[in-house]
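Novice:
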């Protein structure tokens, strides 16, 4: 790795983090950990946006990331509330046991 | 190897290690704390990319607010560390195949990607003004809609977490 760090390096890191997030969503059974893996996916997309923004000299990428972070905060609040409501009803958050459509 | 390069390798390798820990830890509290570290390293990468404002937001909103919310919920639900499960060959194979296919595709694409075009003229150098100005001028409507969405989310959370009265 003698060449200097460029856009491709950042994209590679972002892609690897995204793949880790996907693996987490598929592998884990705990709804909370699945949710954390989804946050990792969002962050990977964010990193790609910031890298593109820097190397294309367009500030819009960073503006978009600002919106992504704001939406992610709202999404986490709603998602965690849903998980809490689910736990109150079923006494479990393992997705193996949450297998019926009706509550 | 310049300082920027070595910092990049340090931050990205540490971040990916934290990512592995998030999905490998059996205890959700340990997963959440690894995720906090991951967000901090991500903020380091943002600083390397001269996005100082976003690095600050990342620490404040993600590592601060979001992860505290996660830890509160873990504490409230009183989740035990998941016990050793039966070997789920199908699940593990599925996860590895999906993630591996994604990485393979990514490598194929990145190998034929040339240098970036640098189409824009803004040399913003991470100045706060350069990032925030479009937010309040060109993107004012999305900004306001985001505020509305946060309000709706707040109302929804209150509704969802209310105890049911029978």
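Protein chains in written order, with this note's numbering: chain A, 1 to 103; chain B, 1001 to 1166. Yeah, the Cβ is synthetic: ideal placement off N, Cα and C, and Gly gets one too.
1. Determine the chain A residues that contact residue 1044(B) at a beta-carbon separation under 9 Å, and present them in chain order.
2. Identify every residue that forms a DSSP beta bridge with residue 104(A).
3. Taking 7 Å as the CB-CB cut-off, is residue 5(A) touching chain B?
4. Quick check on the burial criterion: 16 or more other C-beta atoms within 10 angstroms. Buried or exposed for residue 1010(B)?
5. Any Cβ of chain A within less than 7 Å of the Cβ of residue 1078(B)?
6. Considering only residues of the segment 13-82 of chain A, which uninterrupted alpha helix (DSSP H) runs meet the minimum length of 4 residues and lie entirely inside it, listed in chain order?
7. Could you give the first and the last residue of the continuous alpha helix (DSSP H) run that contains residue 1131(B)?
8. Report buried or exposed for residue 1089(B), applying the criterion of at least 16 other Cβ atoms within 10 angstroms of its Cβ.
9. Return helix, strand or coil for residue 1051(B), following the three-state DSSP convention.
10. Taking its Cβ as the centre, do 16 or more other Cβ atoms sit within 10 Å of residue 28(A), making it buried, or is it exposed?
11. Taking C-beta to C-beta, are residue 1073(B) and residue 80(A) nearer than 7 Å?
12. Should residue 1163(B) be labelled buried (16 or more other beta-carbon atoms within 10 Å of its own) or exposed?
13. Check whether chain B comes within 7 Å of residue 14(A), counting only Cβ atoms and requiring the distance to be less than that.
14. Can you name, in chain order, every residue of its own chain whose Cβ lies under 7 Å from the Cβ of residue 21(A), other than the five neighbours on each side?
15. Who are the neighbours of residue 48(A) on chain B, taking C-beta pairs under 8 Å?
Specialist: On the basis of the coordinates in this document:
1. Here the premise fails: no neighbours, minimum Cβ distance about 11 Å.
2. Only positions 1 to 103 of chain A appear in this structure, which leaves residue 104(A) out of reach.
3. Residue-level contact check: residue 5(A) touches chain B, since one or more beta carbons of chain B fall below 7 Å from its beta carbon.
4. Burial state of residue 1010(B) is exposed, judged by a 10 Å Cβ sphere holding fewer than 16 other Cβ atoms.
5. no
6. 31-56
7. 1128-1136
8. Residue environment analysis places residue 1089(B) among the exposed positions, since fewer than 16 neighbouring C-beta atoms fall within 10 angstroms of its C-beta.
9. coil
10. buried
11. yes
12. exposed
13. Residue-level contact check: residue 14(A) does not touch chain B, since none of the beta carbons of chain B fall below 7 Å from its beta carbon.
14. The residues are 37, 38, 40, 41, 44.
15. Neighbours of residue 48(A) on chain B: none; closest Cβ ~11 Å, over 8 Å.
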